[in-house]
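Protein sequence lines, in the order shown, are assigned to chains A and B.
Position 126 of the first sequence, counted from 1, bears residue number 126 in our numbering, the numbering being contiguous throughout.
Position 162 of the second sequence, counted from 1, bears residue number 162 in our numbering, the numbering being contiguous throughout.
Take a look at the structure set out below.
Protein chains: 2
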Amino acid sequence: MEKVTVITQILNANDQIAEENQGLLKNHRILALNLMASPGAGKTSLILQTAKALTGRARIGVVEGDVASRIDADKVASQHIPVIQINTGGECHLDAATVQKALKTLPLSEIDLLFIENVGNLICPVDFRLGEEIRVVVASVPEGDDKPYKYPGIFTAVNAVVLNKMDLAPYVDFSFDAIRKGITSLNRKAKLFQVSCRTGKGIPAWADWLEAQWRSKNKSGIAQK
Amino acid sequence: MEKVTVITQILNANDQIAEENQGLLKNHRILALNLMASPGAGKTSLILQTAKALTGRARIGVVEGDVASRIDADKVASQHIPVIQINTGGECHLDAATVQKALKTLPLSEIDLLFIENVGNLICPVDFRLGEEIRVVVASVPEGDDKPYKYPGIFTAVNAVVLNKMDLAPYVDFSFDAIRKGITSLNRKAKLFQVSCRTGKGIPAWADWLEAQWRSKNKSGIAQK
């Protein structure tokens with residue numbers, strides 16, 4: 001019984017801070033995404049391609065979550081995008097408190113869309129709200145079409161699935177129908193995008209959807225900021 | 001302080017059961033591998049290819065760990081290999097107690113090499129000993145060459161790294177020298193194998209090494225069993 005109590009308290013503390021983050025982001029008319037995926041599915045590449053596609057339409061900011069290293073933050077910073085790197089040490093997910101610290105350092109008045117790139121992991125991140133409006137999982141073609149069946153929690157929790165590395169489909173055993181069936185069996189509402197961050201294919205549709213989400217949350221749009 | 005105490009107790013309890021597992025496996029002259037990787041790196045494919053390569057040389061058994069589904073166990077069973085599926089629910093790793101239950105069901109006297117396929121995750125499994133002699137991480141080419149820098153814990157802890165999906169190297173940005181440098185900077189002793197489970201390339205060298213590990217642990221070899 002005691003163990004359950006402790007876990008509940010931790011979750012509640014996290015949710016409280018996540019609500020504070022959400023309030024802060026709303027005040028700045030920022031739409032925040034919690035971007036989750038396996039290691040190496042292409043989260044950072046998707047952020048960079050989306051930023052390119054939305055140039056002049058929406059301003060991007062990034063929180064990078066990794067167990068170790070600042071490889072991803074350096075990639076993002078090299079494109080002149082504001083970014084904060086969080087290293088979790090051994091933790092397998094970001095939490096609201098560490099994201100809150102990052103938000104205090106970012107130039108929020110210069111950001112419209114905030115990508116919070118979670119630690120590469122298909123299990124742990126789903127239990128921790130960070131203050132985001134939208135949750136997205138990036139699945140990649142070489143990981144296989146069975147991932148929704150093996151990791152149902154994350155595919156159930158998201159607003160959208162971005163299926164990356166479509167350019168590798170000819171070289172691996174992968175059925176788009178199988179993964180679509182797996183996703184819709186768990187989550188009928190999730191939007192599904194097929195992209196290749198390597199070739200850029202499919203990025204415009206995803207970027208348009210994201211911009212529309214941001215505009216619908218802030219009816220007056222970027223001109224009002 | 002209280003939280004730290006609880007965590008220590010859990011780890012000790014796990015280690016105790018892991019030692020019991022190790023004793024049981026030793027009595028049966030079984031070499032057990034804890035096989036870890038990101039989701040979709042090819043752990044099950046590697047098990048199937050290794051079993052094929054070792055036909056007539058060593059008998060394989062498998063414990064399959066997944067959050068949900070029995071997809072992997074069905075694949076293994078279809079090749080007439082003894083297998084037990086563990087579903088962890090939400091847990092991001094196997095632990096010694098669940099593996100112990102699996103060992104009670106497997107035909108241990110008919111197994112020489114036991115693959116314990118952990119949950120797809122590069123972070124959590126490393127903290128939980130299961131009773132294995134050898135720890136292996138499967139990294140796959142499309143995940144990228146920066147994984148050792150981002151997930152140093154697992155690359156530090158293993159006896160061998162199997163780099164899978166080498167057949168995809170021509171189609172992605174991947175430097176073998178970069179990943180080798182990352183691995184050796186953390187772990188000079190780890191053996192490194194380049195394989196393609198799709199084409200079978202590189203499997204013989206890996207299977208030979210594994211058989212040699214098993215024989216060196218059981219000097220008298222399979223004939224004595």
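Beta carbons are placed, not taken as given, at the ideal position from N, Cα and C, and that holds for glycine.
Interface residue (Cβ-Cβ distance to chain A less than 7 Å): D95 of chain B is not classified as such. A distance below 8 Å between beta-carbons, with the five flanking residues on each side excluded, links T44 of chain A to the following residues of its chain, in chain order: E64, D72, K75, V76, E117. Bridge partners of L114 of chain B according to DSSP: B:A32, B:G61.
Going by beta carbons, V141 of chain A and L122 of chain A fall outside the 7 Å limit. Secondary structure note for L192 of chain A: its beta strand (DSSP E) is the uninterrupted segment 191-194. For A96 of chain A, the enclosing alpha helix (DSSP H) covers residues 96-105. Residues of chain B with a Cβ closer than 9 Å to the Cβ of V67 of chain A are, in chain order, L122, I123, K150, Y151, P152, G153.
In the DSSP assignment, Q85 of chain B is bridged to B:E64.
Nearest CB-CB separation between I60 of chain B and chain A: not below the 7 Å threshold. Proximity to E133 of chain B across B:N14, B:Q85, B:V119, B:E19 peaks at B:E19, based on C-alpha coordinates.
With a cut-off of 8 Å on Cβ pairs, the region 200-212 of chain B is not in contact with the region 169-182 of chain B, counting fewer than three such pairs. Chain order gives the chain B residues near C92 of chain A as C92, N121, I123, C124, where near means a beta carbon separation below 8 Å. Of the candidates A:D146, A:P82, A:G23, A:T98, the residue whose Cα lies closest to the Cα of T88 of chain A is A:T98. When the five nearest sequence neighbours on each side are left out, the beta carbons in the same chain lying within less than 6 Å of the beta carbon of S196 of chain A are those of M166, D167, in order along the chain. Taking the beta carbon of G144 of chain B as reference, the chain A residues within 7 Å of it are G40, listed in sequence order. Looking at the DSSP output, N164 of chain B sits in a beta bridge with B:S140.
Between the region 36-54 of chain A and the region 43-62 of chain B there are fewer than three inter-stretch CB-CB distances shorter than 8 Å, so the stretches are not counted as touching. Under DSSP, no beta-bridge partner is assigned to A169 of chain A. Beta-carbon to beta-carbon, G131 of chain A and A96 of chain A are separated by about 6 Å, close enough to satisfy the 8 Å threshold. Taken through DSSP and simplified to helix, strand or coil, A212 of chain A comes out as helix.
Nearest to N12 of chain A by alpha-carbon distance, out of A:I179, A:A207, A:R129, A:N159, is A:R129. About 14 Å separates the CB atoms of A102 of chain A and I81 of chain A; that is not less than 8 Å, and the two are not in contact. Taking all protein chains in view, the Cβ of K104 of chain A is surrounded by fewer than 16 other Cβ atoms within 10 Å, so the residue is classified as exposed. I71 of chain A has a beta carbon lying within less than 7 Å of a beta carbon in chain B. R198 of chain B sits in coil when the DSSP states are folded into three classes, being neither helix nor strand.
7 Å or more divides the Cβ of I30 of chain B from the Cβ of Q100 of chain B. One thing to note: V161 of chain B has its Cβ no nearer than 7 Å to the Cβ of A207 of chain B.
For S38 of chain B, the number of other beta carbons within 10 angstroms of its own is at least 16, and it is reported as buried. DSSP, reduced to helix, strand and coil, places R129 of chain A outside both helices and strands of the structure shown, so it counts as coil. Short of 6 Å from the beta carbon of I203 of chain A, and not among the five residues preceding or following it, lie these beta carbons of its own chain, in chain order: Q49, A53, V195. Note on geometry: alpha-carbon atoms of R70 of chain B and Q79 of chain A lie some 43 Å from one another.
When 9 Å is used as the limit between beta carbons, K52 of chain B is near no residue of chain A, the shortest such separation being about 17 Å. Scanning chain A for C-beta atoms nearer than 7 Å to the C-beta of K147 of chain B yields P39, G40, reported in chain order. I134 of chain A sits in a strand when the DSSP states are folded into three classes.
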